[in-house]
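Heads up, the thing below is written out as structure tokens.
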Amino acid sequence: MPTRRTKKAAVAAIGIGLVVALSGCNEDVGKSKDKDADAAKSKKPSAESSESAAPAGPSGDKPSIAGWQTQTSQKHHFRYDVPGKAKKWKVLKEDMALSYTDKSGKPIVVMTGTANYREGGCSSSPNPKAVGQAGKGQLATVGTTGGGKQGSLQENARNWAGNWGFAAYGGEDHKPKIKVSEAKPWKQGGITGYTATAEVTVTHRPSPCVPPKAVVHSIAQKLPDGTMHGWVIYADQGVPKALTNAEIKKIMSTVRPTEG
Numbered sequence: 147m148p149t150r151r152t153k154k155a156a157v158a159a160i161g162i163g164l165v166v167a168l169s170g171c172n173e174d175v176g177k178s179k180d181k182d183a184d185a186a187k188s189k190k191p192s193a194e195s196s197e198s199a200a201p202a203g204p205s206g207d208k209p210s211i212a213g214w215q216t217q218t219s220q221k222h223h224f225r226y227d228v229p230g231k232a233k234k235w236k237v238l239k240e241d242m243a244l245s246y247t248d249k250s251g252k253p254i255v256v257m258t259g260t261a262n263y264r265e266g267g268c269s270s271s272p273n274p275k276a277v278g279q280a281g282k283g284q285l286a287t288v289g290t291t292g293g294g295k296q297g298s299l300q301e302n303a304r305n306w307a308g309n310w311g312f313a314a315y316g317g318e319d320h321k322p323k324i325k326v327s328e329a330k331p332w333k334q335g336g337i338t339g340y341t342a343t344a345e346v347t348v349t350h351r352p353s354p355c356v357p358p359k360a361v362v363h364s365i366a367q368k369l370p371d372g373t374m375h376g377w378v379i380y381a382d383q384g385v386p387k388a389l390t391n392a393e394i395k396k397i398m399s400t401v402r403p404t405e406g
């Protein structure tokens, strides 16, 4: 996960021709004074900022699976559940931004409404390009992003999967090998959109803490105002305690829209 490896985010092309242009619906990292980007710049990791319980969501915001925790992103209109604290999951504050930046320090991928799995575990080399609660040695992270109107929903589903795989698992200095699937229709939990998967092969492993592989899944939805928003999970693979495909799919099965 983020800082367990020397990874730096960057703009690049990946294996199958999908360009990680960080364009399209990446309004969170655009030139405007976006709240997520500002938060990523201003909120550095700290004991105070990392402690949070499940956010207090709207009335009726309860987990769809007994014993799980619910995270809500009003900004990106997603709600989802993750396993409880006993399973080493932490639900962060809704507005806490996780980000990877370019060499100038500008966030190029940002997510809010996040949750981390096994944060603070085996950590090899802190990533100075990780901001917020990114880079805590966790084995998986979930969050939401987007908000723009550029490109198609299918393109954005693929770009979100590819961009996060690239940023979190090598970046510009140690480009990972990434294979991104075609976007497939997603109609589940009240969301009609598209999903895509990125399979990541890590090319730089300075220690056993750095996973040999990773997987990224995205779900993209389009709101009536024309804006497109993404839900993303990226997870280490091939290391102890890594999420299984079944566990990832179970988390994805809880993704649903917020009211209104």
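If you count the sequence shown from 1, position 173 lands on 319 in this note's numbering, and the numbers rise without skipping. Backbone N, C-alpha and C define an ideal beta-carbon position, used for all residues, glycine too.
Residue i: buried (16+ other C-beta within 10 angstroms of its C-beta) or exposed?
i      : result
PRO253 : buried
ALA232 : exposed
ASP248 : buried
ALA329 : buried
ALA366 : buried
SER250 : exposed
ALA392 : exposed
SER353 : exposed
LYS395 : exposed
LYS221 : buried
THR258 : buried
ALA212 : exposed
THR216 : buried
LYS387 : exposed
LYS333 : exposed
ASP409 : The first residue shown for the chain is 147 and the last is 406, placing residue 409 beyond what the model contains.
PRO229 : buried
GLY134 : As displayed, the chain neither begins before 147 nor continues past 406, which places residue 134 out of reach and without an answer.
GLY372 : exposed
LYS239 : buried
LYS236 : buried
Round the Cβ separation of residue i and residue j to the nearest angstrom and send it over; I've been treating them as touching at under 8 Å.
i      : j      : result
PRO358 : GLY384 : 4 Å
GLY294 : GLU265 : GLY294 to GLU265, Cβ: 29 Å. No contact.
ALA307 : ALA344 : 4 Å
VAL255 : ALA243 : Incorrect: roughly 10 Å between the Cβ atoms, too far for contact.
HIS138 : THR341 : Summary: the structure shown does not reach residue 138, with the chain confined to residues 147 through 406, and so no result is reported for it.
LEU389 : TYR263 : 7 Å
GLY311 : ALA360 : 6 Å
ILE397 : TYR226 : 7 Å
VAL356 : PRO322 : Actually they are not in contact, since the Cβ atoms of VAL356 and PRO322 sit about 11 Å apart, beyond 8 Å.
SER219 : ALA303 : Contact flag wrong, Cβ pair sits at about 17 Å.
What residue range is occupied by the uninterrupted beta strand (DSSP E) comprising residue i?
i      : result
ASP207 : Unbroken run through ASP207: none, as it is neither H nor E.
ARG264 : Premise fails: ARG264 is in no beta strand (DSSP E) and is neither H nor E.
VAL288 : 286–294
THR400 : From DSSP, THR400 is part of no beta strand (DSSP E); its letter is neither H nor E.
THR216 : 215–219
Check whether the region 285–296 and the region 365–377 are in contact - that is, three or more C-beta pairs closer than 8 Å.
yes
The region 393–402 touching the region 297–307, judged by at least three CB pairs closer than 8 Å:
no
Give, in chain order, every unbroken run of the alpha helix (DSSP H) that is at least 4 residues long and sits entirely within the region 312–398.
391–398
Restricting to runs no shorter than 4 residues, where is the alpha helix (DSSP H) found entirely within the region 221–259?
none
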